[in-house]
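Under numbering that gives the first Met the number 0, the first residue of the sequence shown carries the number 0, and numbering increases by one thereafter. Ideal Cβ placement from N, Cα and C applies to all residues, glycine included. Right, one structure below, let's go through it.
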Amino acid sequence: MSNIKRKLATILATDCVSFSRHMVQDEVATLSALKSCREIIYPIIYEHGGDIFHTAGDSVIAEFSSPVVVRYCRDKVLRRDRCAQREPRDKNKAILAGRNARR
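Next comes the structure, spelled out in structure tokens:
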């Protein structure tokens with residue numbers, strides 16, 4: 000038997016739709032919307048036991064130990080985002096979220 004330790008991780012990657020285009024159109028409003036998006040995403044990730052290990056621009060990448068848990072997390076993020084988009088001032092804010100399992 001090998002002494003290699005293996006770990007299955009599921010990655011959640013989120014991204015704001017058309018972020019660059021919105022930055023060109025209205026940087027202040029876009030950064031405000033990004034802050035609102037992160038206020039939605041971060042607590043949900045932590046609530047589901049996720050670990051945020053990278054952010055860049057408008058993206059957030061988090062690791063989870065279970066693909067089932069990350070699916071619930073992703074679905075909750077997307078549901079909360081749809082609710083937030085119903086507010087007229089936030090209609091240009093939308094989150095894309097995907098998942099991937101790797102060893």
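Using CA atoms only, rank isn't needed, just tell me which of 8, 3, 10, 73 is closest to residue 42.
Measuring from the Cα of residue 42, the nearest candidate turns out to be 73.
C-beta atoms of residue 12 and residue 58 nearer than 9 Å:
The Cβ atoms of residue 12 and residue 58 lie closer than 9 Å to each other.
Identify which residue in 37, 19, 49, 76 has its Cα closest to the Cα of residue 62.
From the listed residues 37, 19, 49, 76, the smallest Cα separation to residue 62 is found for 49.
With DSSP as the reference, please indicate the residues paired to residue 54 in a beta bridge.
By DSSP's assignment, residue 54 forms a beta bridge with 59.
Once you ignore the five residues that flank residue 22 on each side, which residues in its own chain have a CB closer than 6 Å to its CB?
In its chain, beyond the 5 residues on either side, 29 have a beta carbon closer than 6 Å to the beta carbon of residue 22.
Closest by C-alpha distance to residue 8, when choosing among 60, 14, 35
Selected option, being the one with the closest Cα: 60.
What's the C-alpha gap between residue 16 and residue 3?
Roughly 40 Å separates the two Cα atoms.
Apart from the five residues just before and just after residue 18, which ones in its own chain have a Cβ nearer than 6 Å to its Cβ?
Here residue 18 has 57 as same chain residues with Cβ atoms under 6 Å from its own Cβ, once five neighbours each way along the sequence are excluded.
If we ignore side chains and look at the alpha-carbon of each, how far apart do residue 39 and residue 5 end up?
About 32 Å.
If you drop the 5 nearest sequence neighbours on each side, which residues of the same chain put their C-beta closer than 6 Å to that of residue 24?
No residues qualify anywhere along the chain.
How many angstroms separate the CA atom of residue 69 from the CA atom of residue 75?
For residue 69 and residue 75, the distance between alpha carbons rounds to 10 Å.
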